[in-house]
Amino acid sequence: MKRGLNSQQSSFTKLKTEQEAATRASFRVALEIAKCGKPFTDGEMIKECIIAVAEEMCPEKVNLLKTVSMSANTVARRVENIAENISSQLFDKNGHVEWFSLALDESTDVSDTAQVLVYIRGVDKSYEVHEELLDMYSIHGTTTGRDIFKGVKMAINQKNLRLKNLKCITTDGGKNMSGKDKGVVALVSKAVENDGGSKPLVLHSIIHQQSLDMSEVLKPVISTVNFIRSFGLNHRQFRQFIEEIGENDLPYHTASQLRSKCFSHFKTCEIFSHTTETEFPIDFAIETLSALKINFDTRFSDFDAIANQIKIFQNPFDTDIEILAPELQMEMIDLQRSDIIKNKYQNSSLLEFYKSLPLTQFDNLHKFARGLFSIFGTTYLCEKTF
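Numbers in our numbering are just positions in the sequence shown, counted from 1, shifted up by 7.
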């Protein structure tokens, strides 16, 4: 009787282990489907492929693999559970992240509906850095700064984040984003100050900075290329022509792709000025590029305002104590006098260095460093997602 009981317990344990393994496998496949942006219905097809492989290589495992649930509804639930788990890790750990930054971008999908992506980069008190998609929402109708701001504020409130802890906003150069009074940046900055925080740093996407004043050049190029590519006969005739003159076909035919090649366009402009028989409009080019430089200087002004903070953050041992905020001066003096801490700085990454500083002795310096660790550099995550 005892032997029979042990046998039953062993069977139940084995069954439980197999069920747990099947559930874990289901979650892992669902995660890969989500990461690749594939339809949830692909889960059933993937399961059939796995079973087909098992029938050839390990037939004894086929029945076990059949217990892995990969229906479309199951995959959808798994992805929701994964998203909730990531969200809880990011926003519920120790209550909230200490500092966070946002990267925003707005684009139009194939149905002409505006889609807004909001990414967050958060840093907690243990220097854990998280970059995740905070929200993605659609806007039907106008896409003014106030329309986008409403969605951003709702996403922040849903995650119980405090606006006063917002360190940086990274956007493209669109008017609805960077408008002086009614843009998203202006509205968010005002909300941060109303919540008791300091005005956040504002950065613009590097890709868009290169093409802010180049739209008059890019528009006719995009229009011409799209005309050639949109009709098969046009493209075939053009391809035959460029083959005769030894040139390449037209691989890029969208605004984003052209923007990503801005530096090569400047090089092409230089070559054109030396090879064309037509007089090159050098005065127009100088005027346009001068205006572009002024625009860059204006947009980088916020970045220049924290140049000293970045220098302090990058090398605290080469810092003039007099330029520091009062709450940092005494801590920086203690830091610079310690040979042990200096040796740690020279032999570790910035993140590891700041994590190693005694919390009670350098509390203000920790807050300062965590704030800068939370800053987004570009909206590349948004561009990549679109």
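Even glycine gets a Cβ: it sits at the ideal position worked out from N, Cα and C.
Report yes if the C-beta distance between residue i and residue j is below 8 Å; otherwise report no.
{"i": "E7", "j": "N371", "result": "A question about residue 7 goes unanswered here, because the residues of the chain that appear run from 8 up to 393."}
{"i": "L109", "j": "V123", "result": "no"}
{"i": "I340", "j": "K174", "result": "no"}
{"i": "T379", "j": "Q316", "result": "The displayed chain sequence assigns Leu, not Thr, to residue 379. Contact flag set, yes."}
{"i": "R128", "j": "E138", "result": "yes"}
{"i": "L141", "j": "K166", "result": "yes"}
{"i": "T48", "j": "A90", "result": "no"}
{"i": "I58", "j": "L71", "result": "no"}
So is residue i buried or exposed if we call it buried at 16+ other beta carbons inside 10 Å?
{"i": "H147", "result": "exposed"}
{"i": "P207", "result": "buried"}
{"i": "D131", "result": "buried"}
{"i": "S133", "result": "exposed"}
{"i": "V60", "result": "exposed"}
{"i": "M77", "result": "buried"}
{"i": "I40", "result": "buried"}
{"i": "I213", "result": "Caution is warranted here: a pLDDT of 49 is assigned to I213, below 50, making its placement in the model unreliable, and no coordinate value can be reported."}
{"i": "E334", "result": "exposed"}
{"i": "P323", "result": "buried"}
{"i": "L331", "result": "buried"}
Assign residue i to one of three DSSP states: helix, strand, or coil.
{"i": "M337", "result": "helix"}
{"i": "C175", "result": "strand"}
{"i": "Y361", "result": "helix"}
{"i": "T295", "result": "helix"}
{"i": "Y144", "result": "strand"}
{"i": "A332", "result": "coil"}
{"i": "E139", "result": "strand"}
{"i": "H215", "result": "Confidence in H215 is poor, its pLDDT being 47 and thus under 50, which makes the residue's placement unreliable; the coordinate value appears in the next sentence. DSSP places H215 in helix when its eight states are reduced to three."}
{"i": "T115", "result": "strand"}
{"i": "Q368", "result": "coil"}
{"i": "Y134", "result": "coil"}
{"i": "G158", "result": "helix"}
{"i": "F107", "result": "strand"}
{"i": "I313", "result": "coil"}
{"i": "G203", "result": "coil"}
{"i": "V125", "result": "strand"}
{"i": "V75", "result": "coil"}
{"i": "L168", "result": "coil"}
Could you pull out every residue in the same chain whose Cβ sits closer than 7 Å to the Cβ of residue i, ignoring the five residues on either side in sequence?
{"i": "V191", "result": "L111, G152, I155, F156, V159, T178, N183 and M184"}
{"i": "A376", "result": "F320 and Y361"}
Would you tell me roughly how many angstroms separate the C-alpha atoms of residue i and residue j, rounded to the nearest one?
{"i": "K362", "j": "G186", "result": "38 Å"}
{"i": "S94", "j": "D290", "result": "54 Å"}
{"i": "Y259", "j": "R246", "result": "Its pLDDT being 45, under 50, Y259 is placed unreliably by the model, and the measurement read from it follows with that caveat. Cα to Cα, the separation comes out at about 14 Å."}
{"i": "F360", "j": "Y352", "result": "6 Å"}
{"i": "K349", "j": "V82", "result": "51 Å"}
{"i": "D188", "j": "L168", "result": "24 Å"}
{"i": "Q343", "j": "T326", "result": "9 Å"}
{"i": "Q96", "j": "S205", "result": "27 Å"}
{"i": "S145", "j": "A121", "result": "6 Å"}
{"i": "A292", "j": "F303", "result": "16 Å"}
{"i": "D346", "j": "V36", "result": "50 Å"}
{"i": "E51", "j": "L38", "result": "14 Å"}
{"i": "K54", "j": "N164", "result": "39 Å"}
{"i": "V136", "j": "Q336", "result": "26 Å"}
{"i": "T149", "j": "V209", "result": "24 Å"}
{"i": "C65", "j": "E27", "result": "20 Å"}
{"i": "E25", "j": "C56", "result": "20 Å"}
If you drop the 5 nearest sequence neighbours on each side, which residues of the same chain put their C-beta closer than 8 Å to that of residue i?
{"i": "E62", "result": "V69"}
{"i": "D202", "result": "R169, L170 and K171"}
{"i": "S3", "result": "The structure shown has nothing for residue 3, since the chain only spans 8 to 393."}
CB-CB under 6 Å to residue i, same chain, minus the five flanking residues each way: which ones, in chain order?
{"i": "V75", "result": "A29, A32 and S33"}
{"i": "V86", "result": "A37 and A41"}
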